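In this note's numbering, the protein residues as written are 2 to 123.
This is how it looks when you write it as C-alpha coordinates:
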(Lines of atoms letter the chains of each structure in order from A; the text may use other names.)
(Lines give C-alpha, C1' and ligand atoms only; values in the text may rest on other atoms or scores of the structure.)
Protein backbone atom coordinates (compact mmCIF):
# COMPACT_ATOMS: atom_id res chain seq x y z
CA UNK A 2 0.00 0.00 0.00
CA UNK A 3 1.28 3.42 -0.90
CA UNK A 4 1.87 5.94 1.84
CA UNK A 5 -0.65 8.36 0.28
CA UNK A 6 -3.36 5.70 0.24
CA UNK A 7 -2.66 4.81 3.88
CA UNK A 8 -2.81 8.46 4.97
CA UNK A 9 -6.05 8.96 3.01
CA UNK A 10 -7.55 5.84 4.59
CA UNK A 11 -6.70 6.95 8.14
CA UNK A 12 -7.86 10.55 7.63
CA UNK A 13 -11.02 9.40 5.84
CA UNK A 14 -11.88 7.02 8.68
CA UNK A 15 -11.33 9.66 11.36
CA UNK A 16 -13.23 12.34 9.42
CA UNK A 17 -16.11 9.98 8.63
CA UNK A 18 -16.46 8.88 12.25
CA UNK A 19 -16.38 12.46 13.54
CA UNK A 20 -18.96 13.54 10.95
CA UNK A 21 -21.23 10.57 11.72
CA UNK A 22 -21.08 11.13 15.49
CA UNK A 23 -21.77 14.83 14.95
CA UNK A 24 -24.84 14.03 12.85
CA UNK A 25 -26.08 11.60 15.51
CA UNK A 26 -25.60 14.27 18.16
CA UNK A 27 -27.64 16.72 16.07
CA UNK A 28 -30.44 14.41 15.00
CA UNK A 29 -31.07 12.37 18.16
CA UNK A 30 -33.01 14.68 20.45
CA UNK A 31 -32.53 12.29 23.37
CA UNK A 32 -28.82 13.21 23.43
CA UNK A 33 -29.63 16.93 23.80
CA UNK A 34 -26.35 17.84 22.09
CA UNK A 35 -27.29 19.83 18.99
CA UNK A 36 -24.64 22.56 19.24
CA UNK A 37 -21.74 20.20 20.06
CA UNK A 38 -22.97 17.98 17.24
CA UNK A 39 -22.70 20.85 14.76
CA UNK A 40 -19.14 21.48 15.95
CA UNK A 41 -18.17 17.80 15.74
CA UNK A 42 -19.73 17.42 12.29
CA UNK A 43 -17.88 20.52 11.11
CA UNK A 44 -14.59 19.13 12.43
CA UNK A 45 -15.30 15.86 10.60
CA UNK A 46 -15.97 17.73 7.35
CA UNK A 47 -12.77 19.74 7.82
CA UNK A 48 -10.75 16.54 8.30
CA UNK A 49 -12.32 15.04 5.17
CA UNK A 50 -11.53 18.17 3.15
CA UNK A 51 -7.96 18.15 4.47
CA UNK A 52 -7.73 14.48 3.48
CA UNK A 53 -8.56 15.31 -0.13
CA UNK A 54 -6.00 18.11 -0.22
CA UNK A 55 -3.26 16.03 1.45
CA UNK A 56 -3.90 12.99 -0.76
CA UNK A 57 -3.84 15.03 -3.98
CA UNK A 58 -0.61 16.73 -2.92
CA UNK A 59 1.04 13.40 -2.00
CA UNK A 60 0.00 11.90 -5.35
CA UNK A 61 1.27 14.94 -7.25
CA UNK A 62 -2.18 15.64 -8.72
CA UNK A 63 -3.14 19.21 -9.54
CA UNK A 64 -5.63 20.92 -7.22
CA UNK A 65 -9.30 20.70 -8.11
CA UNK A 66 -10.39 23.45 -10.51
CA UNK A 67 -13.52 25.31 -9.48
CA UNK A 68 -15.37 25.83 -12.73
CA UNK A 69 -18.99 25.48 -13.80
CA UNK A 70 -18.73 21.76 -14.57
CA UNK A 71 -17.19 20.94 -11.19
CA UNK A 72 -19.80 22.91 -9.26
CA UNK A 73 -22.63 21.41 -11.35
CA UNK A 74 -21.30 17.90 -10.80
CA UNK A 75 -21.10 18.41 -7.04
CA UNK A 76 -24.62 19.86 -6.94
CA UNK A 77 -25.95 16.94 -9.02
CA UNK A 78 -24.38 14.48 -6.59
CA UNK A 79 -25.78 16.28 -3.55
CA UNK A 80 -29.28 16.56 -4.99
CA UNK A 81 -29.23 12.92 -6.14
CA UNK A 82 -28.15 11.68 -2.71
CA UNK A 83 -30.78 13.82 -0.99
CA UNK A 84 -33.53 12.57 -3.31
CA UNK A 85 -32.50 8.98 -2.68
CA UNK A 86 -32.61 9.58 1.07
CA UNK A 87 -35.96 11.38 0.91
CA UNK A 88 -37.36 8.50 -1.14
CA UNK A 89 -36.19 6.05 1.51
CA UNK A 90 -37.74 8.18 4.26
CA UNK A 91 -41.02 8.47 2.37
CA UNK A 92 -41.15 4.71 1.99
CA UNK A 93 -39.98 3.56 5.42
CA UNK A 94 -40.89 6.37 7.81
CA UNK A 95 -43.90 8.16 6.35
CA UNK A 96 -45.49 5.06 4.76
CA UNK A 97 -45.89 6.56 1.27
CA UNK A 98 -44.65 3.58 -0.71
CA UNK A 99 -45.33 4.52 -4.33
CA UNK A 100 -44.24 8.17 -4.07
CA UNK A 101 -41.15 7.17 -2.07
CA UNK A 102 -40.12 4.61 -4.69
CA UNK A 103 -40.54 7.17 -7.48
CA UNK A 104 -38.49 9.81 -5.65
CA UNK A 105 -35.81 7.22 -4.78
CA UNK A 106 -35.55 6.05 -8.41
CA UNK A 107 -35.15 9.66 -9.57
CA UNK A 108 -32.30 10.04 -7.04
CA UNK A 109 -30.66 6.82 -8.25
CA UNK A 110 -30.90 7.97 -11.88
CA UNK A 111 -29.31 11.31 -10.96
CA UNK A 112 -26.46 9.53 -9.17
CA UNK A 113 -25.97 7.13 -12.09
CA UNK A 114 -25.80 10.07 -14.48
CA UNK A 115 -22.65 11.21 -12.66
CA UNK A 116 -20.65 8.38 -14.25
CA UNK A 117 -20.98 9.51 -17.89
CA UNK A 118 -20.81 13.15 -16.79
CA UNK A 119 -17.45 12.68 -15.09
CA UNK A 120 -15.86 9.88 -17.15
CA UNK A 121 -17.57 10.62 -20.48
CA UNK A 122 -18.87 8.23 -23.10
CA UNK A 123 -16.67 6.52 -25.69
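We put the CB at the ideal spot given by N, CA and C, even for glycine. Keep in mind the model is a prediction, meaning the values are calculated, not measured.
| Asked | Found |
| --- | --- |
| Range of the contiguous alpha helix (DSSP H) that encloses residue 47 | 35 to 60 |
| Neighbourhood of residue 95 by C-beta, 8 Å cutoff - its chain only, sequence neighbours within 5 removed | 101 |
| Residue 23 versus 12, 55, 37 and 13, residue with shortest Cα-Cα distance | 37 |
| Given 8 Å, three or more beta-carbon pairs between the stretch 56 to 72 and the stretch 30 to 48 | no |
| Pair within 7 Å by beta-carbon distance, residue 21 and residue 52 | no |
| Rounded straight-line distance, which links the Cα of residue 117 to that of residue 89 | 25 Å |
| CA-to-CA distance, residue 6 to residue 97, given in whole angstroms | 43 Å |
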